[in-house]
Amino acid sequence: MSRTLKFSIALSMVLVLLVGLFLGIGFFQNPKFEGTKSETINASKEEIWRYITDINDLPNRRKEVLKVEVLKKDDTTIPKLWKEHTDMGGYMTFERGETVPNQKIEIILADSSFKMKGSWTYEISEANGYSKLSITEKSEIGSPVVRGAYFLAGRDSTLRQELEMVRNHFQSGK
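Residues 7 to 180, numbered by our numbering, are exactly what the sequence shown covers, in order.
See the structure below:
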């Protein structure tokens, strides 16, 4: 056997093992997750509320969201139902749940091409002249592939990214 062929076979075996390990990790991960992260932000409750409820601006803030399609409106400024089209060719349909203006909003993942479901509750309170934003995630991932990806990124990665996005927005003086 030539050296190139041996190398190709060895490389193929390593790749198959890595894919198998990735799928195995995802298969054995708990599909359910519940967690809360909080951060104190130098902005008013109203400013934070406007920012986190501006659903139509998501493509400008989150690189993975290509387009937001509003499916249902009501008498508020926040859509009742919307679909986010992602850069991975999939979609996620969200529904606005319990809402207390400038204090609390629940975002429910009603349907997803990524075999995910769950809810994210954003709560804003006052904290020593600042505002405290707490986000609670209750989610479930049906796909072992997606669970494997979340294992690598950290199961709380969505919470961390959301808080980082809000923090960076207000630190930049926007």
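Every residue gets a Cβ at the ideal spot worked out from N, C-alpha and C, and that includes glycine.
{"Item": "May I ask you to report which of helix, strand or coil DSSP gives residue 149?", "Value": "coil"}
{"Item": "Our contact map puts residue 146 next to residue 37 with C-beta atoms below 8 Å; I'd like the distance itself, whole angstroms only.", "Value": "5 Å"}
{"Item": "Pop quiz: residue 90 and residue 64 are said to be a contact at Cβ under 8 Å. What is the actual Cβ separation, rounded to whole angstroms?", "Value": "7 Å"}
{"Item": "From this set, 7, 122 and 41, which residue's C-alpha is nearest residue 152's C-alpha?", "Value": "122"}
{"Item": "Rounded to whole angstroms, what's the CA-CA distance from residue 81 to residue 75? Just pull it up for me.", "Value": "18 Å"}
{"Item": "Assuming residue 54 contacts residue 173 (C-beta within less than 8 Å), just tell me the rounded distance between them.", "Value": "About 10 Å; that fails the 8 Å criterion."}
{"Item": "Near residue 157, what residues of its chain come up, given a Cβ to Cβ distance below 8 Å and the 5 sequence neighbours on each side ignored?", "Value": "31, 32 and 35"}
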